[in-house]
Amino acid sequence: MFTSCQTATKQTQTTPTTPTTSANEIPGRKWWKEAVVYQIYPRSFKDSNGDGIGDLRGIIEKLDYIKSLGVDVVWLNPIYSSPNDDNGYDVSDYRNIMKDFGTMADFDELIKGLHDRKIKLVMDIVVNHSSDEHEWFKSARSSRESPYRDYYYWWNAEKGKPPTRYSLFDAKHDAWKFDEKTNSYYLHIFSEKQPDLNWSNPKLRQEVYDIMKFWAEKGTDGFRLDAFQFVAKDPNFPPFPEGTELSLMNYSMGEHIHDYLKEMNKEVFSKYDVFSVAEGAGRNMQDAHDLVDEDRNELSMAYAFEPADLGKFGGYKLTEMKKVFSKWDKEFAEKGWLSIFLANHDKARLVSVWGNDKPEFRDYSSKMLSTFLLTMRGTPYYYNGDELAMTNGGFEKMEEFRDKPLFNMYEFEKSKGGDLTKFLERAKFEARDNSRTPFQWSAADNAGFSTAKPWIKIAPNYKEINAEAQEKDQNSPLNYFRKLTKLRKENPVLVYGKYTLLDEASESVYAYTRELNGKKWLILLNFTDKEATANTGLDVSKAKVLLGNYAESSKDGKLKPYEAVVFELN
Ligand code: GLC
Ligand code: CA
Numbered sequence: 279m280f281t282s283c284q285t286a287t288k289q290t291q292t293t294p295t296t297p298t299t300s301a302n303e304i305p306g307r308k309w310w311k312e313a314v315v316y317q318i319y320p321r322s323f324k325d326s327n328g329d330g331i332g333d334l335r336g337i338i339e340k341l342d343y344i345k346s347l348g349v350d351v352v353w354l355n356p357i358y359s360s361p362n363d364d365n366g367y368d369v370s371d372y373r374n375i376m377k378d379f380g381t382m383a384d385f386d387e388l389i390k391g392l393h394d395r396k397i398k399l400v401m402d403i404v405v406n407h408s409s410d411e412h413e414w415f416k417s418a419r420s421s422r423e424s425p426y427r428d429y430y431y432w433w434n435a436e437k438g439k440p441p442t443r444y445s446l447f448d449a450k451h452d453a454w455k456f457d458e459k460t461n462s463y464y465l466h467i468f469s470e471k472q473p474d475l476n477w478s479n480p481k482l483r484q485e486v487y488d489i490m491k492f493w494a495e496k497g498t499d500g501f502r503l504d505a506f507q508f509v510a511k512d513p514n515f516p517p518f519p520e521g522t523e524l525s526l527m528n529y530s531m532g533e534h535i536h537d538y539l540k541e542m543n544k545e546v547f548s549k550y551d552v553f554s555v556a557e558g559a560g561r562n563m564q565d566a567h568d569l570v571d572e573d574r575n576e577l578s579m580a581y582a583f584e585p586a587d588l589g590k591f592g593g594y595k596l597t598e599m600k601k602v603f604s605k606w607d608k609e610f611a612e613k614g615w616l617s618i619f620l621a622n623h624d625k626a627r628l629v630s631v632w633g634n635d636k637p638e639f640r641d642y643s644s645k646m647l648s649t650f651l652l653t654m655r656g657t658p659y660y661y662n663g664d665e666l667a668m669t670n671g672g673f674e675k676m677e678e679f680r681d682k683p684l685f686n687m688y689e690f691e692k693s694k695g696g697d698l699t700k701f702l703e704r705a706k707f708e709a710r711d712n713s714r715t716p717f718q719w720s721a722a723d724n725a726g727f728s729t730a731k732p733w734i735k736i737a738p739n740y741k742e743i744n745a746e747a748q749e750k751d752q753n754s755p756l757n758y759f760r761k762l763t764k765l766r767k768e769n770p771v772l773v774y775g776k777y778t779l780l781d782e783a784s785e786s787v788y789a790y791t792r793e794l795n796g797k798k799w800l801i802l803l804n805f806t807d808k809e810a811t812a813n814t815g816l817d818v819s820k821a822k823v824l825l826g827n828y829a830e831s832s833k834d835g836k837l838k839p840y841e842a843v844v845f846e847l848n
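Here the sequence shown stands for residues 279 to 848, numbered as in the numbering used here.
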């Protein structure tokens with residue numbers, strides 16, 4: 279099969295379709311359900327001024343490229359002032375732009391440029407914590423009497439040691455940091471430079487809503503709430519039941535989270551035509567529904583990690599993936615709305631984790647995965663660079679990584695005498711820096727990303743994998759992605775259609791139908807590097823092929839390695 283795949287003419291097949299489903303027949307339509315979200319990691323997208331760091335003017339330069347993808351929404355990772363302990367997820371001023379990224383004038387130009395092209399903008403709101411360099415925190419730590427003291431969580435040392443709290447990013451996993459000046463500990467669920475904001479304080483909450491309104495007034499069309507599961511805490515910090523101190527279950531979805539979201543909805547979301555999504559969807563299905571069902575007046579859609587988290591070092595099982603995606607779809611078939619994603623800035627690369635990044639399979643498997651993401655029910659969140667089949671970064675040693683929490687984890691591993699070689703092996707595969715390497719624009723120096731050496735290494739394969747080369751190739755992953763966004767845009771069946779899983783037991787093929795108002799489409803995806811048979815019970819020999827990632831799409835139920843086909847059955 280390996281040979282037949284190589285000899286196949288690399289050509290993509292596509293037939294134009296006429297939308298037959300009338301818009302009026304679909305209840306609950308929303309622009310953000312029909313949108314394809316394109317996530318941009320600004321630090322690595324395009325550097326405009328030769329300092330090796332991507333910036334807002336770099337994104338402005340590439341607006342026509344973004345438009346050409348056929349995406350409707352851009353989600354920008356944080357662009358606010360930040361000392362960059364966690365690449366912008368440590369905000370020191372919520373109303374200003376990070377120096378590395380440019381100015382507010384650049385931001386205004388960027389949002390206008392997007393809107394002129396009918397693309398909306400989603401901002402990342404990081405309010406579980408601020409930076410320790412935020413003015414609020416500087417004041418709060420200066421004195422117990424500071425008016426900002428209660429914007430954060432403190433444990434006065436005279437009460438003894440605080441009850442155990444777990445930090446995800448701390449080298450000792452200790453979420454309490456002793457601060458000498460006021461003889462107290464402050465809480466940081468992430469790094470010690472990311473002190474947690476005290477959401478039980480109504481003044482703090484009002485500050486947050488004002489910040490959100492500031493960005494909504496500027497024309498922002500949506501908000502992604504970073505680490506929001508963690509905001510609601512009991513400010514008395516009761517000890518957790520013994521043995522569960524490290525369980526994240528204890529930390530997420532605290533008692534008042536729904537009150538906060540309802541308040542935020544009333545204060546912010548309801549006043550603008552914006553959509554909202556939080557990172558994570560709670561501990562279980564009930565939580566997820568409570569966060570997003572229409573009658574709850576909280577968030578617009580759920581961004582659940584369970585499916586994407588299956589993609590791990592050591593691989594994943596296709597039947598597991600199908601089971602989990604199908605479970606979520608079923609749960610949300612009648613109420614609520616989902617996000618569909620497999621990659622983002624906290625994960626390694628789509629094609630490396632979920633597909634096959636060997637040269638002979640890379641393009642096929644990448645197109646197959648894009649087909650999956652764009653033909654599921656839910657709003658696709660597509661990560662920048664995946665449209666080129668950009669791979670993991672090719673990191674070889676610890677010094678090449680940039681992500682500070684990774685180094686803290688390394689220290690932790692070392693402190694407990696762990697296997698550092700294994701740690702590195704894992705990091706090479708799944709460290710989040712893998713998806714943060716510079717966007718590969720061309721085969722020129724620094725991949726056309728910058729005129730200077732970039733802040734993080736470039737994946738060594740940029741001469742082969744880059745946007746310029748793919749523009750010229752009709753069958754490139756890039757051009758295939760464009761066909762997919764067009765297909766989705768023109769066919770509500772892909773957005774709203776009922777999803778039915780077929781051939782559940784297959785470890786090779788993911789097959790499902792989408793149905794809406796008399797239309798029935800079948801999607802066949804081979805997730806392996808071998809030929810595979812799809813046992814769907816459906817005859818596709820006469821079906822119309824709407825899109826496929828091979829020159830000739832298989833119509834006999836047998837799929838070539840990583841083959842993807844979208845059929846119209848009636
Ligand atoms: C979220 C972000 C991640 C960040 C963390 C702390 O998980 O996606 O990048 O490091 O929150 O803000
Ligand atoms: Ca720059």
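For each residue, glycine too, the CB sits at the ideal point set by N, CA and C.
For this session: Determine the extent of the alpha helix (DSSP H) in which F603 is found, giving its start and end residues.
Result: L596 to E609
Exercise. When every heavy atom of ligand 2 is checked, does at least one fall within less than 7 angstroms of the C-beta of S326?
Worked result: Short note on S326: C-beta closer than 7 angstroms to some heavy atom of ligand 2.
Exercise. So, do the stretch 301 to 316 and the stretch 655 to 674 have three or more beta carbon pairs nearer to each other than 8 angstroms?
Worked result: yes
Exercise. For the stretch 709 to 726 against the stretch 666 to 683, are there 3 or more C-beta pairs whose distance is under 8 angstroms?
Worked result: yes
Exercise. Is the closest heavy atom of ligand 2 to the C-beta of G726 under 7 angstroms?
Worked result: No, Cβ of G726 sits at least 7 angstroms from all heavy atoms of ligand 2.
Problem set entry | For H407, the residue or residues it bridges with in DSSP | D474
For this session: Please confirm whether any heavy atom of ligand 2 lies closer than 7 angstroms to the CB of I331.
Result: yes
Problem set entry | C-alpha gap between L539 and I618, whole angstroms | 22 angstroms
Exercise. Would the beta-carbon of E436 be found less than 7 angstroms away from any heavy atom of ligand 1?
Worked result: no
Problem set entry | Proximity test, A505 beta-carbon vs ligand 1 heavy atom, cut-off 7 angstroms | yes
Problem set entry | 4-residue-minimum alpha helix (DSSP H) runs that sit fully inside the stretch 638 to 706, ordered along the chain | Taking only runs of at least 4 residues, the alpha helix (DSSP H) segments lying wholly in the stretch 638 to 706 are 682 to 693.
For this session: Measure the Cβ-Cβ separation of L779 and Y790 and say whether it is below 8 angstroms.
Result: yes
Problem set entry | Nearest to A621 (by Cα), restricted to the options S643, G589, G558 and D607 | G589
Exercise. Regarding V404 and ligand 1, is the C-beta to nearest heavy atom distance less than 7 angstroms?
Worked result: Inclusion of V404 in the 7 angstroms shell around ligand 1 follows from its C-beta lying nearer than that to a non-hydrogen atom of the ligand.
For this session: Please report the Cβ distance between F701 and E691, rounded to the nearest whole angstrom; I am assuming they are in contact, meaning their Cβ atoms lie under 8 angstroms.
Result: 5 angstroms
For this session: Taking only beta-carbon positions, decide if A453 is within less than 8 angstroms of chain B.
Result: Among the protein chains of the structure shown there is no chain B, as only one such chain exists.
Exercise. Using the C-alpha atoms, what's the distance from A566 back to M531?
Worked result: 10 angstroms
Exercise. Taking C-alpha atoms, which residue in A505, E303 and D641 lies nearest to F805?
Worked result: D641
Exercise. In terms of residues, what are the limits of the alpha helix (DSSP H) holding L762?
Worked result: P755 to E768
For this session: May I ask you to check if the CB of H536 is nearer than 7 angstroms to at least one heavy atom of ligand 1?
Result: no
Exercise. According to DSSP, is F280 helix, strand or coil?
Worked result: At F280, the pLDDT of 26 sits below 50, so the modelled position is not reliable; the number obtained from the coordinates is stated separately. Here F280 sits in helix by DSSP.
Problem set entry | Cβ neighbours of E598 in the same chain (closer than 8 angstroms, five flanking residues each side left out) | L588
Exercise. Got a sec? Which residues, its chain only, sit under 6 angstroms from W432 by beta carbon, not counting five neighbours each side?
Worked result: S462 and Y464
Problem set entry | Distance cut-off 7 angstroms: Y367 Cβ against heavy atoms of ligand 1 | yes
Problem set entry | Span of the beta strand (DSSP E), counted from its first residue to its last, around N434 | W432 to N434
For this session: Please go through the same chain and pick out, in chain order, the residues whose beta-carbon is closer than 7 angstroms to the beta-carbon of K455, but skip the five residues on each side of it.
Result: Y463, Y464, H466 and E470
For this session: Verify whether the separation of the beta carbon atoms of A730 and Q718 is less than 8 angstroms.
Result: no
Exercise. For D364, is the beta carbon positioned less than 7 angstroms from some heavy atom of ligand 1?
Worked result: yes
For this session: Starting from the Cα of L526, find the closest Cα among K491, V555 and N562 and give me that residue.
Result: N562
Problem set entry | Whole-angstrom distance between I535 and Q507, CA atom to CA atom | 8 angstroms
Exercise. Hey, L756 and L824: beta-carbon distance below 8 angstroms or not?
Worked result: no
Problem set entry | R335 versus D325, D551, D342 and P425, residue with shortest Cα-Cα distance | Taking only the C-alpha atoms, the option nearest R335 is D325.
Exercise. F468: beta carbon under 7 angstroms from a heavy atom of ligand 1?
Worked result: yes
For this session: Take E423 as the anchor and find which of R395, V400, V404 and T460 has the nearest alpha-carbon.
Result: T460
Problem set entry | Assigned secondary structure, Y581 (DSSP; H/G/I helix, E/B strand, else coil) | Residue state, collapsed to three classes: strand.
For this session: May I ask you to report which of helix, strand or coil DSSP gives N634?
Result: Of the three classes helix, strand and coil, the one that applies to N634 here is coil, per DSSP.
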